[in-house]
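First the structure, in the form of structure tokens, and then the observations on it.
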Amino acid sequence: MTADESGATPRGADAEGEAVGEASAGDPAGDPARSEDGPEAAPVGNGDENGEDGGNGDDGENGDDGENGGNNGENNIAVKLEQLILGAERRYTPFQAARSAGVSMDLAARFWRAMGFADIGQVKALTEADVLALRRLAGLVEAGLLSEAMAVQVARSTGQTTARLADWQIDSFLEGLTEPQDSGLTRTEITYPLVELLLPELEEFLVYVWRRQLAAATGRVVQAQDDAEMVDRRLSVGFADLVGFTRLTRRLEEEELGELVEAFETTAADLVAAHGGRLIKTLGDEVLFAADDAGVAAEIGLRLIETMGHDETMPELRVGIAFGTVTTRMGDVFGTTVNLASRLTSIAPKDTVLVDEAFAVELGRTGDAPVSEADAAAAEKAAQEGTGSPPPPYRFALQPMWQRPVRGLGVVEPWMLTRRG
Numbered sequence: 120m121t122a123d124e125s126g127a128t129p130r131g132a133d134a135e136g137e138a139v140g141e142a143s144a145g146d147p148a149g150d151p152a153r154s155e156d157g158p159e160a161a162p163v164g165n166g167d168e169n170g171e172d173g174g175n176g177d178d179g180e181n182g183d184d185g186e187n188g189g190n191n192g193e194n195n196i197a198v199k200l201e202q203l204i205l206g207a208e209r210r211y212t213p214f215q216a217a218r219s220a221g222v223s224m225d226l227a228a229r230f231w232r233a234m235g236f237a238d239i240g241q242v243k244a245l246t247e248a249d250v251l252a253l254r255r256l257a258g259l260v261e262a263g264l265l266s267e268a269m270a271v272q273v274a275r276s277t278g279q280t281t282a283r284l285a286d287w288q289i290d291s292f293l294e295g296l297t298e299p300q301d302s303g304l305t306r307t308e309i310t311y312p313l314v315e316l317l318l319p320e321l322e323e324f325l326v327y328v329w330r331r332q333l334a335a336a337t338g339r340v341v342q343a344q345d346d347a348e349m350v351d352r353r354l355s356v357g358f359a360d361l362v363g364f365t366r367l368t369r370r371l372e373e374e375e376l377g378e379l380v381e382a383f384e385t386t387a388a389d390l391v392a393a394h395g396g397r398l399i400k401t402l403g404d405e406v407l408f409a410a411d412d413a414g415v416a417a418e419i420g421l422r423l424i425e426t427m428g429h430d431e432t433m434p435e436l437r438v439g440i441a442f443g444t445v446t447t448r449m450g451d452v453f454g455t456t457v458n459l460a461s462r463l464t465s466i467a468p469k470d471t472v473l474v475d476e477a478f479a480v481e482l483g484r485t486g487d488a489p490v491s492e493a494d495a496a497a498a499e500k501a502a503q504e505g506t507g508s509p510p511p512p513y514r515f516a517l518q519p520m521w522q523r524p525v526r527g528l529g530v531v532e533p534w535m536l537t538r539r540g
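Going by our numbering, the sequence shown opens with residue 120, and the numbers climb by one from there.
Written as structure tokens, this is what we have:
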């Protein structure tokens with residue numbers, strides 16, 4: 120993550136104890152040039168308790184002067200918002216925070232960077248919460264519950280997920296709610312009381328959703344048949360891709376394009392969740408989903424085609440699904456099965472679902488589709504003539520397609536998935 124993305128870009132001292140301007144107190148990291156030399160070499164002079172940077176910054180009292188400060192009014196509101204959200208004032212430099220937490224500067228820097236926070240040198244921008252977070256991560260390592268590498272991975276996965284959530288909430292949620300009203304207040308003036316009201320509710324909701332998701336994920340993992348399958352699992356993985364999206368980007372206005380992408384991602388996410396799948400990620404014109412059950416994945420793929428087909432504003436869609444061993448890391452999926460699903464999507468005709476042979480076999484094994492259409496037709500005829508039992512109520516039909524070479528995967532034989540009857 121870049122400094123601009125993290126919101127922690129230091130802009131020099133302009134107030135006592137506020138040496139990073141609008142840098143968020145939640146965006147810390149150690150100076151890499153200093154952390155390698157150990158605590159003794161980490162200079163604190165340019166960001167010490169006085170919050171000064173080379174002695175050129177304005178002090179806290181002068182910084183409030185509108186004539187001298189220019190944008191100081193906005194800066195002060197940003198600092199107040201930061202304190203409201205973090206619940207504490209800036210007290211520590213990165214070195215001081217690491218020392219208070221009892222961890223090395225090098226490890227503290229690794230944790231902060233993993234969370235997506237920019238390097239801020241040794242300015243005073245950190246709070247008690249930053250110290251506590253370092254203590255907790257380091258404590259998990261010391262207790263033997265996590266390895267150091269795993270602790271860094273926990274920090275990275277949490278940072279990446281919450282960074283996207285925070286960006287979405289600010290860009291989409293707060294932006295719409297802070298439209299200037301007839302009261303004459305500016306957007307900036309409206310933001311503080313709004314955040315003050317929303318913060319505790321959003322925090323509680325975030326914890327609730329996280330616990331729900333954690334319970335669901337844990338349940339899926341412990342149902343694995345053996346230890347190896349808990350890491351490398353057999354899943355159905357599918358991609359859904361909008362056809363002709365590149366042409367659309369040249370034809371539509373930016374706002375129209377944004378609305379189309381949002382509608383596509385929202386519809387896809389709702390359909391995947393409603394039918395028991397998991398949305399792995401969205402890529403603008405493409406979504407990646409997974410399901411433990413092949414029948415669930417097949418239903419999702421067909422529902423996506425059917426739903427998008429009834430929306431005149433949406434371009435055509437194509438879906439590719441594969442079944443097999445998948446490696447999961449940090450909420451994402453990797454492996455040959457994922458690559459095959461992506462390739463099937465790229466060769467699928469418009470408004471169709473292509474699946475691989477392993478997926479077709481799995482549908483046959485679970486009774487969701489006939490292993491052989493000829494055998495199914497013969498069974499139906501025998502049942503009508505009273506000479507045999509009726510076949511199972513298959514939900515899906517599979518039609519073998521042409522064999523063709525797929526880059527990096529050799530020759531594959533796709534199957535077209537449709538609803539039966």
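Glycine included, C-beta positions come from ideal geometry on N, C-alpha and C.
Quiz item: For Leu200, which of Gly240, Val480, Leu318 and Val242 has the nearest alpha-carbon?
Solution: Leu318
Self-check item: Residue of Phe236, Ala244, Leu265 and Asp470 minimising C-alpha distance to Thr212
Solution: Sorting Phe236, Ala244, Leu265 and Asp470 by C-alpha distance to the C-alpha of Thr212 places Ala244 at the top.
Quiz item: What is the rounded straight-line gap between the Cα of Leu203 and the Cα of Gly278?
Solution: Looking at the backbone, the Cα of Leu203 and that of Gly278 are separated by about 20 Å.
Quiz prompt | Secondary structure of Gly414, DSSP reduced to three states | solution = helix
Quiz item: Could you give the uninterrupted runs of the alpha helix (DSSP H) lying entirely in the stretch 344 to 396, keeping only those of 4 residues or more?
Solution: 346 to 350, 364 to 370 and 373 to 393
Quiz prompt | Backbone secondary structure at Gly483 - three-state DSSP | solution = helix
Quiz item: What residue from Ala227, Leu423 and Glu405 has the CA that sits closest to Thr365's CA?
Solution: Glu405
Exercise. Quick one: using the 10 Å Cβ neighbour count with 16 as the cut-off for buried, is Thr429 buried or exposed?
Key: Checking the sequence shown, residue 429 turns out to be His, not Thr. Burial call: exposed.
Quiz item: In chain order, what residues of the same chain have a beta carbon less than 6 Å from the beta carbon of Ile525, not counting five sequence neighbours either side?
Solution: Correcting the residue identity first, residue 525 is Val in this sequence and not Ile. Arg462 and Val531.
Self-check item: Bridge partner(s) assigned by DSSP for Met535
Solution: Leu473 and Gln518
Quiz item: According to the Cβ coordinates, are Arg422 and Val362 closer than 7 Å?
Solution: no
Exercise. Return the first residue and the last residue of the beta strand (DSSP E) that Ile440 is part of.
Key: That run of the beta strand (DSSP E) goes Leu436 to Arg448.
Quiz prompt | Spatial distance of Gly395 from Phe358 (CA atoms) | solution = Linking Gly395 to Phe358 through their CA atoms gives a straight-line distance of about 16 Å.
Exercise. Select from Gln241, Gly221, Arg283 and Val260 the residue whose C-alpha is nearest the C-alpha of Met234.
Key: Arg283
Quiz prompt | Spatially closest choice to Ala441 from Met449, Thr455, Arg448 and Asp451, by CA coordinates | solution = If we check each option's Cα against that of Ala441, Thr455 comes out closest.
Quiz prompt | At least 3 beta-carbon pairs within less than 8 Å: the stretch 502 to 509 vs the stretch 469 to 477 | solution = no
Exercise. May I have the straight-line CA-CA distance separating Ser266 from Val260, to the nearest angstrom?
Key: 5 Å
Quiz item: What is the DSSP secondary structure of Gly527, counted as helix, strand or coil?
Solution: When secondary structure is reduced to three states using DSSP, Gly527 falls in the coil class, being assigned neither helix nor strand.
Practice problem: Please determine, among Gly439, Asn195 and Ala217, the residue with the shortest C-alpha to C-alpha distance to Glu208. | Solution: Out of Gly439, Asn195 and Ala217, the CA that lies nearest to the CA of Glu208 is found in Asn195.
Quiz item: Do Asp238 and Ala216 have their C-beta atoms closer together than 7 Å?
Solution: no
Quiz prompt | Continuous alpha helix (DSSP H) stretch holding Asp286: start and end | solution = Glu267 to Trp287
Exercise. Taking all protein chains shown into account, decide if Ser465 is buried (16 or more other Cβ within 10 angstroms of its Cβ) or exposed.
Key: exposed
Self-check item: Boundaries of the beta strand (DSSP E) in which Val222 is found, first to last residue
Solution: Note, Val222: premise wrong, no beta strand (DSSP E); not H, not E.
Exercise. Leaving aside the five residues before and after Glu499 along the sequence, list all residues of the same chain whose C-beta is less than 8 Å from its C-beta, in chain order.
Key: Pro509 and Pro510
Exercise. Leaving out five residues on either side along the sequence, give the residues of the same chain with a beta carbon under 6 Å from the beta carbon of Gly403.
Key: Val380
Quiz item: Cα separation between Ala501 and Asp494?
Solution: Each residue's Cα considered, the two are about 10 Å apart.
Exercise. Indicate whether Ala413 and Phe324 have their beta-carbon atoms separated by less than 7 Å.
Key: no
Quiz prompt | Pair within 7 Å by beta-carbon distance, Pro480 and Leu354 | solution = A small correction: the amino acid at residue 480 is Val; Pro does not occupy that position in the sequence shown. No.
Exercise. Assuming Thr426 and Leu390 form a contact by the criterion Cβ under 8 Å, report the distance between their Cβ atoms to the nearest whole angstrom.
Key: 6 Å
Quiz item: Can you tell which of Ala274, Thr401, Val340 and Ala197 has its C-alpha closest to the C-alpha of Pro312?
Solution: Ala197
Quiz item: Leaving out the 5 sequence neighbours to the left and right, which residues in its chain are closer than 6 Å to Gly529 when beta-carbon positions are compared?
Solution: none
Quiz item: Beta-carbon separation of Leu517 and Ala488 under 7 Å?
Solution: yes
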